[in-house]
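The block underneath contains the structure these notes are about, expressed in structure tokens.
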Amino acid sequence: MASIQDKLSKPWLLFPAVWGHHFAPTALKIYSSLFPSEHKWEPFKWKGLEFNNRLGWAGGFDKNADLLSVSQKMGLGFHEIGTITPLAQGPNEGKIIARNLAQLTLWNKMGFPNKGGAKIYKKLSSYQDIHIPVFVNIGKNRATPLDQALSDYLKMITLFEPRADVFVVNISSPNTQGLRQLQDKSHLAELAKNLRAATKKPILIKLSPDLSDTELYMALDQSLGNGADGFILTNTTLSRKDQGMWAKEGGLSGTAVKNLSKEMLKKTISVCKKNGSGPLIISVGGVLTEQDVFERLELGADLVQIYTAMVFNGPVFIKKVAQFHGSAQNEKHG
Ligand SMILES: Cc1cc2nc3c(=O)[nH]c(=O)nc-3n(C[C@H](O)[C@H](O)[C@H](O)COP(=O)(O)O)c2cc1C
């Protein structure tokens with residue numbers, strides 16, 4: 020159990036998780052204005068895009084493009100918006116988020132609540148002076164049948180083409196019925212091929228941690244064979260190993276997905292990267308400490324993303340990562 024002291028030092032943990040979800044954007048806007056910072060550790064260049072450092076928020080953290088200038092002010096290296104669907108939609112019915120502080124695990128069943136492509140595109144276009152790369156995470160509407168999913172993804176690519184630096188194709192959320200079937204061989208090949216033909220911008224495929232090895236290698240092969248530029252590994256998990264207290268539906272993040280995500284990273288690196296070159300690989304899932312960030316980079320990830328760490332550690336986590344990098348460098352050279 021987390022101590023009262025622990026909760027008092029992170030007051031948002033005293034309130035229900037869903038409140039935190041609603042109030043976080045305002046709190047982060049205030050925080051970033053009070054404590055702006057720039058963190059230039061391990062700058063990175065990829066396909067003409069310049070990253071000040073290797074850390075960003077994961078998909079779903081800024082669903083409606085409300086926090087672009089906030090993440091830039093807080094010193095993140097890049098920003099992902101979405102998952103965005105063509106039409107606005109609300110969350111799934113019933114409880115949508117819960118947390119277990121002792122296990123550092125979140126459960127969510129959100130199902131892509133977002134303001135819809137047109138509104139979010141307008142919002143994205145309203146930003147001036149954003150100089151960190153912007154990733155646009157796209158999905159299909161809940162009501163769109165699976166055999167028409169391609170059309171939803173294509174609509175989003177066409178709409179966001181002028182403003183996106185990179186597209187993230189989310190086919191791995193467990194909270195939109197049937198979505199994960201898009202990771203099957205024939206669906207994935209068709210999707211990747213058609214999206215490739217629709218944009219010159221880089222395309223990353225976001226995969227599930229619940230794929231078997233055979234499914235993973237097939238997904239990597241089909242994606243790269245049809246023109247994808249990289250992967251985000253991973254989304255939340257449906258597995259309930261040592262975490263039996265949660266409902267069967269809904270995805271787990273944080274500790275519950277940590278090992279799955281790390282193993283998938285290792286397998287992907289071993290087949291996709293040669294001497295550090297190959298598709299872009301972003302590691303996400305259970306990155307909860309500063310050490311975790313650098314472990315993923317040492318394993319071969321190019322970039323790292325966080326969601327659950329923000330909930331349990333708060334915004335100070337970003338600064339701690341930069342400081343940890345600084346002291347590790349000092350130790351190395353001093
Ligand atoms: C409340 C919540 C909402 C999420 N929404 C999305 C989403 O809209 N799109 C997406 O690609 N991933 C979404 N994710 C998954 C995260 O991007 C990430 O892949 C996952 O949480 C594992 O990382 P973590 O352990 O650092 O949280 C969501 C995760 C959480 C906890």
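Sequence positions in the sequence shown follow the numbering used here and run 20 to 353. Glycine included, C-beta positions come from ideal geometry on N, C-alpha and C.
Cβ pair residue i, residue j closer than 7 Å
i    : j    : result
A117 : A36  : yes
G273 : L173 : no
S231 : N254 : no
G130 : P110 : yes
L257 : L284 : no
A168 : Q202 : no
G333 : K48  : no
V306 : V290 : no
G113 : L178 : no
M93  : S52  : no
G249 : P298 : yes
L123 : F313 : no
Residues bridged to residue i [DSSP beta-bridge criterion]
i    : result
N194 : DSSP lists no partner for N194.
H98  : V153
W65  : L68
R118 : L125
V185 : F154
T256 : L271
N133 : Q108
I139 : Paired residues: none, contrary to the question.
L74  : V323
S242 : None, per the DSSP bridge assignment.
S296 : K293
Where the alpha helix (DSSP H) containing residue i begins and where it ends
i    : result
S289 : T274 to C291
S346 : V335 to H352
W38  : A36 to L53
F80  : Note, F80: premise wrong, no alpha helix (DSSP H); not H, not E.
L230 : From DSSP, L230 is part of no alpha helix (DSSP H); its letter is neither H nor E.
L207 : K204 to A217
Y172 : A168 to F179
Q147 : Careful: Q147 lies outside any alpha helix (DSSP H) and carries neither H nor E.
L87  : L87 to K92
Distance, residue j Cα to residue i Cα
i    : j    : result
N294 : Q342 : 28 Å
P152 : S280 : 24 Å
L207 : G269 : 23 Å
G67  : D321 : 15 Å
A121 : L74  : 25 Å
V303 : L95  : 15 Å
G79  : I224 : 15 Å
A12  : G101 : A query on residue 12 cannot be resolved here, the shown segment of the chain reaching from 20 to 353 and no further.
R182 : V155 : 9 Å
M264 : Y146 : 42 Å
M20  : G39  : Only weak support exists for where M20 lies, its pLDDT of 49 falling under 50; the value from the coordinates is given anyway. Rounded to whole angstroms, M20 to G39 spans 19 Å at the Cα level.
A107 : A77  : 21 Å
L318 : I288 : 8 Å
L32  : V335 : 15 Å
I412 : N71  : Shown here, the chain extends from 20 to 353; a query on residue 412 therefore has no answer.
S346 : A216 : 45 Å
K267 : A275 : 14 Å
K351 : P44  : 37 Å
Y326 : T218 : 28 Å
F186 : Q348 : 33 Å
Q200 : F54  : 43 Å
K128 : G246 : 31 Å
K212 : S205 : 11 Å
Any non-hydrogen atom of ligand 3 within 6 Å of residue i CB
i    : result
A216 : With respect to ligand 3, the structure offers nothing, as its ligand set consists of ligand 1.
Residue span of the beta strand (DSSP E) that contains residue i, given as start and end
i    : result
L299 : L299 to V303
K225 : I222 to L226
G249 : G249 to L252
V306 : First-last for V306: undefined, no H or E at that position.
Q324 : L322 to I325
Item to check | Validate contact between the segment 81 to 88 and the segment 129 to 149 using beta carbons, cut 8 Å, 3 pairs | outcome: The segment 81 to 88 vs the segment 129 to 149: in contact.
Checklist entry - Do three or more CB pairs link the segment 51 to 63 to the segment 337 to 351 at distances below 8 Å? => result yes
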